[in-house]
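A.B. asks: Everything in the sequence shown is counted per full-length UniProt numbering, starting at 1 for the first residue and increasing by one. Positions of the beta carbon are idealized from the N, C-alpha and C atoms, including for glycine. Quantities reported herein were computed from a predicted structural model and do not represent experimental measurements.
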Amino acid sequence: MIVRPEQPQARDDPGPPIGTAPTVASWTTDAAEWNLDGTWEFRWSPSSAHQREGGWGSIPVPASFVMPSLDRDAAPAGDHGRPAYTNKWYPFPIDPPRPPDENPVGEYRRRFPLADPPPRAELRFGGIEGAGEVRLNGVLLGSTRGSRLPMAFDVSGLLEGENLLEVRVHQFSAATYLEDQDAWWLPGIIRSVVLRARPVGGVRDVRVRAEWTPSGGMLTVMPELDSALEPGAEVAIEIAELGTTVRAGHPTPVRDALPWSAEDPVLYTLRVRTPAETVTHRIGFRTVGIVDGVFQVNGVPVSLRGVNRHEHHPRLGRHVPPEVVTAELLMMKRHNINAVRTSHYPPDPLFLDLADRLGFWVVDECDVETHGFGEIDWRGNPMDDPRWEPALRDRVARMVERDKNHPCVILWSLGNEAGEGGNVAAMADEFRSRDDSRPLHYEGDQSSAHVDVWSRMYAHPDEVAEIAIGVEPALADDALDARRRAMPFVLCEYAHAMGTGPGGLTEYQDLFDAHPRLMGGFIWEWLEHGVQVDTDQGPVTRYGGDFGEPLHDSNDVIDGLVSAERRPRAQLTDLAQVFAPLRVTIDGARLHVVSRLDHTDSSRYALRYRIEDAAGVRDSGPITAPPLPPRGRTTLDLPQVPPLAVLTVEVVQVGETAWAPGGWVVSRVSTAVPAGIAAQRRGAAPVRRLTLADVDLDPATGALRRLGDLEVTDWRVMLDRVPTDNDRHAGWDEILEFSYAERWRLLGLHDLRSRLVSIERVSVDGPDGEIRVRTVVGGPAVDARVSCRWRWRAVDGGIRLDLAVDPEGHWPAWTAHWARVGVGFSLPGEGRLEWCGRGPGPAYPDLGQAATAGWFAGAVAELQERTVRPQEAGARAASWVRVAAGGQTLEVGLDTASPRGPVNDPAITVRPWSEAALWAAAHDDELIPDGRTHVVLDLVRAGVGTARCGPGVLPAYRLEAQPVRGSLVFFTPDASDANGDRHD
Ligand code: IPT
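(1) Under the DSSP definition of a beta bridge, which residues are partnered with D30?
(2) Please list, in chain order, all residues of the same chain as L100 whose beta carbon is under 8 Å from its beta carbon, the five residues on each side excluded.
(3) Closer than 8 Å is the cut-off here; do at least three beta carbon pairs connect the stretch 228-243 with the stretch 560-570?
(4) Could you work out which residue in G901, L582, E891 and Q962 is closest to G683 when comparing CA atoms only?
(5) Rounded to a whole number of angstroms, what is the C-alpha to C-alpha distance between T946 and H729?
(6) Could you pull out every residue in the same chain whose Cβ sits closer than 6 Å to the Cβ of M1, ignoring the five residues on either side in sequence?
(7) Along the chain, where does the alpha helix (DSSP H) containing E430 start, and where does it finish?
(8) Does the distance from the CB of T896 to the CB of G966 come in under 8 Å?
(9) Between the Cα of A570 and those of T867, R689 and F579, spot the shortest distance and give me the residue it belongs to.
(10) Return the residue from the list R485, G470, A465 and A468 that minimises the CA-CA distance to D452.
(11) Starting from Q509 and walking both ways along the alpha helix (DSSP H), at which residues does that stretch end?
(12) Using the three-state DSSP reduction, which class does G809 fall into: helix, strand or coil?
(13) Excluding the five sequence neighbours on either side, which residues of its own chain have a C-beta within less than 6 Å of the C-beta of V279, listed in chain order?
(14) Tell me which residue opens and which closes the alpha helix (DSSP H) that Y494 is part of.
(15) Where are the alpha helix (DSSP H) runs, 4 residues long or more, that stay fully inside the stretch 886-935, in chain order?
(16) For R732 versus Y543, is the C-beta distance shorter than 8 Å?
(17) What span of residues does the beta strand (DSSP E) with L358 cover, start to end?
(18) Can you find the residues in the same chain that come closer than 6 Å, C-beta to C-beta, to D843, ignoring five residues on each side of it along the sequence?
(19) Tell me, to the nearest whole angstrom, how far the beta carbon of V940 is from that of V964; I am working on the premise that it is less than 8 Å.
(20) Can you tell me whether S603 is buried or exposed, with buried defined as 16 or more other CB within 10 angstroms of its CB?
(21) By DSSP, does L597 sit in helix, in strand, or in coil?
(22) Hey, V935 and G848: beta-carbon distance below 8 Å or not?
(23) Enumerate in chain order the residues of its own chain whose CB-to-CB distance from V325 is below 6 Å, with the five nearest sequence positions on each side excluded.
(24) Bridge partners for W744 per DSSP, in chain order?
(25) Excluding the 5 residues flanking G161 on each side, which residues of the same chain have their C-beta closer than 8 Å to its C-beta?
(26) Could you check if W524 belongs to the surroundings of ligand 1, using beta carbon to heavy atom distance under 7 Å?
(27) Hey, would you say the C-beta of E417 is under 7 Å away from at least one heavy atom of ligand 1?
(28) Could you give the first and the last residue of the continuous alpha helix (DSSP H) run that contains Q296?
(29) Which full runs of the alpha helix (DSSP H) of 4+ residues lie inside the stretch 379-405, going along the chain?
(30) In terms of residue numbering, what span does the alpha helix (DSSP H) encompassing A570 cover?
(31) Which residues bound the alpha helix (DSSP H) around V324?
(32) Can you give the Cα-Cα distance for P83 and F42, rounded to whole angstroms?
(33) Between H552 and the rest of its own chain, which residues show a CB-CB distance below 8 Å, the 5 nearest in sequence each way excluded?
(34) What distance in whole Å lies between the Cβ atoms of L756 and G702, which are believed to be in contact at a cut-off of 8 Å?
(35) Compute the Euclidean distance between the alpha carbons of A580 and H335, then round it to the nearest angstrom.
(36) Using DSSP bridges, identify the partner residues of residue 1008.
Shown next as structure tokens:
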């Protein structure tokens, strides 16, 4: 008997949805199904008190109805709302369980004919963001709550030849208090809508336990039927590929089965058949466990190299079309990512199907976050209020019941940032009573009283190192402390990939590799949540505050390894290097190889080498090695490297996989760049012999304004950079809460003024002549200055500039940090860069792990690493460069004498716009090439860190104010003499 509600659920009712059917596992069935996605009629009202009459437009389902790209059709009669972004803040008064009166409503309607309406059927919604009221043919079916969770209604007896389905979505309700994730507020029907016939005697649900035991697969299938079968009829259960049949409810050994793992995701087709219906499931055999404090799957330790993945699409909002989900998982596989935390809600079920197939370890997280209560000291937090317990239990139930049969799910997560309280225990109890085959995770439970693994976010590597060996500070409660000390440890979030970053990934991976207690972790985050807006110039990307939101968190939501369009950012390539399945290091003439694979041998990968010098590739070939067993290691001999050459070793994939072609380069390492310009200079273009007479300095400032025929402008010393997103925040490890950007600003490094002290010309006509320039440079309003000594000499046909920079005056210890010591200038015309150094991608002292030594080239426009909010980006580690601009060419050798250490990392940055333009732009599309080539040559520079969330720049990568010595050697190739050798 279906009991249908008389009224829609009150919007301030904190309880679970009403009128819905219990959630069951997702599978494929041979029962009739109708997909109701497509174009629906739509209209929007600012609130239910001001509901519109008439004026229907149309909107796609699934999608978030507020997306700007839906403007054209959405609402010819008016508005359809706008996205709004807050990180933690509720965008309305915190007055639980009441939502505000300003509560937009999206009304959806869809008419659909049925030639042969099934008498019994279920209407399934994959997700409705907001609070939905659902009516079919005028009958109220019920109300939805729990935006990223499935909802189903029994519509038996209601279907006709012509049907009208109506869904009214209120943006806010009591349930909104449970959904305060760091993302845009994006109401709408966000996942597919399906009508499914339910034959009498069909399958209601199937619970599969497919375990991997020391003696092989063990399968228990518990089907739940819709009604008792006729006497004598049976449920047939079989694994098609193995010809195995099993009896319902009886654990059955499946001897021929192979185990499932993320490295080798073997799936089988399970069929459950009654006379009325056959349902098909993909299953995999695997067992998750914790043994002696170590997280294991199938009896061996597993290390998670993961990312946090939100669901976002720049045009459709919370709906990600299947082809995009597929493409992004293939991209993750190509970049050596083996795990995903579904931050912070259960994903579209398609994601889990693909994760089963392609092989990912998945932390399935419940749709629960109440972060905004943290802003008010957790007063009134639903996690600690019994009124919310039924809704929280219901959310757990719906996630577990939907996803219980997926082998990829290896941990359940209660949610994110929802504080503590009695409902944590209630949720944990709900999980365990439904499925005890996966450990529980919840970072909010720091005593780990209710969970099975200890989880933290953004902990400093030093702290992780303590936890790794079990010497973390004790909890007050001895029993809890002992329990937690025996748990594996995971970083559910670390390394905030916002803007140019994250720096310091290697430090974490080294710890994960070394200590079995550490399960690894999940980068924050996979994806940027940019929103596309169409303009006459094409689509542009927008972030928080761009839609007039009075309260917003700006570009905090633009913090991913890939853009919203799924364009990989440079740091994804670096991540792939850090996460590589084989850790390969060159040590003199030897190569150390350590497998990070937990379940498979290394035969999917091969090694090859290449020897290259300034003239090109000299030699290449395979490096043969027998396959390593899981976590095995070996040391191999390398071919001899000639003195002026670079040896690169690549790990390549053998054969094709679902995600990459054979030969795909999985990771690469190299020896260092050979020393000396002669070894670094590529190509035989002759140089024009320069003398000191070619060095034209401005007599008023000492700045270079012409070198031979080359006009140079904006010549200056630089100590700062346009702040990266990380530079704008103080690292969690800083004692003083001042970001680097604030320190640089207090010192006026963005506005340096130079005073010429002297220009001395010493026997400039002779072979040992020199021009010595002294300037003093500092920011306004402070007495922290640097003394710069510029010494110009003619050497080997070029001009050598030795630069000595020394702090003078008062540099307060806490502010005395620089971004760089570099020389900036600009050249007329658009440019192209060739360089010897590390590449092809950008590199900073603590980022750029994928950049290996060699020779590289690209047009200046192509070398821009574009970020949604402009900032320092795209520097190339270089010790020899050739910049061609406006028909002229400049070559420079860069060498830093001191200080030694990771900050000694000479680099070049080339841009088609000025540093001032970069400072001024708030969005990438505001950067317009100005026809010049803007160059910065760095002698030293600071790392980028991950201060937006987590530690700042680690000590070794900080650049404290200190004496710096280096040289730049300039050449101007002679275009008129194309065949000759160098004139020296
Ligand atoms: C952490 C959140 O869990 C995550 O959703 C995201 O908001 C991230 O911060 C910042 O981008 S919570 C924070 C207090 C570390």
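C.D. replies: In brief:
(1) Mapped onto the sequence shown, residue 30 falls at position 30. DSSP lists no partner for D30.
(2) Within the sequence shown, the letter at position 100 stands for residue 100. The identity of residue 100 in the sequence shown is Pro, whereas the question assumes Leu. Answer for P100: F92, P93 and F172, listed in chain order.
(3) No, because fewer than three Cβ pairs between the stretch 228-243 and the stretch 560-570 fall closer than 8 Å, the two stretches do not touch.
(4) Along the sequence shown, one-based indexing puts residue 683 at 683. Nearest of G901, L582, E891 and Q962 to G683, Cα basis: E891.
(5) Sequence index remark: in the sequence shown, residue 946 carries index 946 (1-based). Sequence index remark: in the sequence shown, residue 729 carries index 729 (1-based). Their Cα atoms are separated by approximately 9 Å.
(6) Your numbering for residue 1 matches position 1 in the sequence shown. Result list for M1: empty, nothing under 6 Å.
(7) Counted from its first residue, the sequence shown places residue 430 at position 430. G422 to R434 is the extent of the alpha helix (DSSP H) around E430.
(8) The count along the sequence shown starts at 1 and reaches residue 896 at position 896. The count along the sequence shown starts at 1 and reaches residue 966 at position 966. Against a cut-off of 8 Å, the Cβ pair of G966 and T896 comes out as a contact.
(9) The count along the sequence shown starts at 1 and reaches residue 570 at position 570. In terms of Cα proximity to A570, the closest of T867, R689 and F579 is T867.
(10) By one-based count along the sequence shown, residue 452 stands at place 452. Nearest to D452 by alpha-carbon distance, out of R485, G470, A465 and A468, is R485.
(11) As a position in the sequence shown, residue 509 is number 509, starting the count at 1. In this chain, the alpha helix (DSSP H) harbouring Q509 covers L505 to A514.
(12) As a first step, residue 809 is located in the sequence shown; it is residue number 809 there, counting from the start. Correct three-state label for G809: strand.
(13) In the sequence shown, the residue the question calls residue 279 occupies position 279. Counting only Cβ-Cβ distances below 6 Å, and skipping sequence neighbours, we find W27, T29, V203 and V272.
(14) The residue you call residue 494 lines up with position 494 of the sequence shown. Y494 -> not in any alpha helix (DSSP H); beta strand (DSSP E) instead, spanning F489 to H496.
(15) For the stretch 886-935, whole alpha helix (DSSP H) runs of length 4 or above, ordered along the chain, are 915-920.
(16) Within the sequence shown, the letter at position 732 stands for residue 732. Within the sequence shown, the letter at position 543 stands for residue 543. Going by the sequence as given, residue 732 is Trp instead of Arg. Between W732 and Y543, the C-beta spacing is not below 8 Å.
(17) Residue mapping note: residue 358 aligns to position 358 of the sequence shown, counting from 1. From DSSP, L358 is part of no beta strand (DSSP E) but of the alpha helix (DSSP H) over P349 to L358.
(18) Residue numbering aside, residue 843 sits at position 843 when the sequence shown is read from its first letter. The residue you asked about is not Asp; residue 843 is Ala in the sequence shown. For A843, where only same-chain residues beyond five positions count, the Cβ hits under 6 Å are A851 and A877.
(19) Indexing the sequence shown from 1 puts residue 940 at position 940. Indexing the sequence shown from 1 puts residue 964 at position 964. Confirmed, Cβ separation roughly 6 Å.
(20) For the purposes of this step, residue 603 is taken as the residue at position 603 of the sequence shown. By the neighbour-count rule (16 or more Cβ atoms within 10 Å), S603 is not buried but exposed.
(21) What you label residue 597 is simply residue 597 of the sequence shown in a count that begins at 1. Three-state result, L597: coil.
(22) In the sequence shown, counting from the first residue as 1, residue 935 sits at position 935. In the sequence shown, counting from the first residue as 1, residue 848 sits at position 848. Against a cut-off of 8 Å, the Cβ pair of G848 and V935 comes out as no contact.
(23) Counting from 1 along the sequence shown, the entry for residue 325 is found at position 325. Taken in chain order, the residues that qualify are L350 and F351.
(24) Along the sequence shown, one-based indexing puts residue 744 at 744. Under DSSP, W744 shares a beta bridge with no residue.
(25) Taking the sequence shown and counting its residues from 1, the one referred to as residue 161 is at position 161. Excluding residues within five positions, the ones whose Cβ falls inside 8 Å are P113, L114, A115 and P117.
(26) On the sequence shown, position 524 is the one that residue 524 refers to. The answer is yes for W524.
(27) The residue labelled residue 417 in the question sits at position 417 within the sequence shown. For E417, the distance from the CB to the nearest heavy atom of ligand 1 is below 7 Å.
(28) Sequence index remark: in the sequence shown, residue 296 carries index 296 (1-based). Taken as a continuous stretch (DSSP letters only), Q296 belongs to no alpha helix (DSSP H), being part of the beta strand (DSSP E) at V294 to V297.
(29) At a cut-off of 4 residues, the continuous stretches assigned as alpha helix (DSSP H) that sit fully inside the stretch 379-405 are 389-403.
(30) Locating residue 570 in the sequence shown gives position 570, counting from the first residue. A570 to V578 is the extent of the alpha helix (DSSP H) around A570.
(31) Position 324 of the sequence shown, counted from the first residue, corresponds to residue 324. P322 to R334 is the span of the alpha helix (DSSP H), which, as asked, contains V324.
(32) Position 83 of the sequence shown, counted from the start, is the residue given in the question as residue 83. Position 42 of the sequence shown, counted from the start, is the residue given in the question as residue 42. If you draw a straight line from the Cα of P83 to the Cα of F42, it is about 17 Å long.
(33) The sequence position of residue 552 within the sequence shown is 552, counting from 1. A84, Y85, T86, G544 and G545.
(34) Reading the sequence shown from its first residue, position 702 is the one you call residue 702. Reading the sequence shown from its first residue, position 756 is the one you call residue 756. Rounded, the Cβ-Cβ distance is 5 Å, consistent with contact.
(35) Counting from one through the sequence shown, the residue named residue 580 turns up at place 580. Counting from one through the sequence shown, the residue named residue 335 turns up at place 335. Rounded to whole angstroms, the separation of the alpha carbons of H335 and A580 is 8 Å.
(36) Nothing can be reported for residue 1008, as the shown portion of the chain is limited to 1 through 984.
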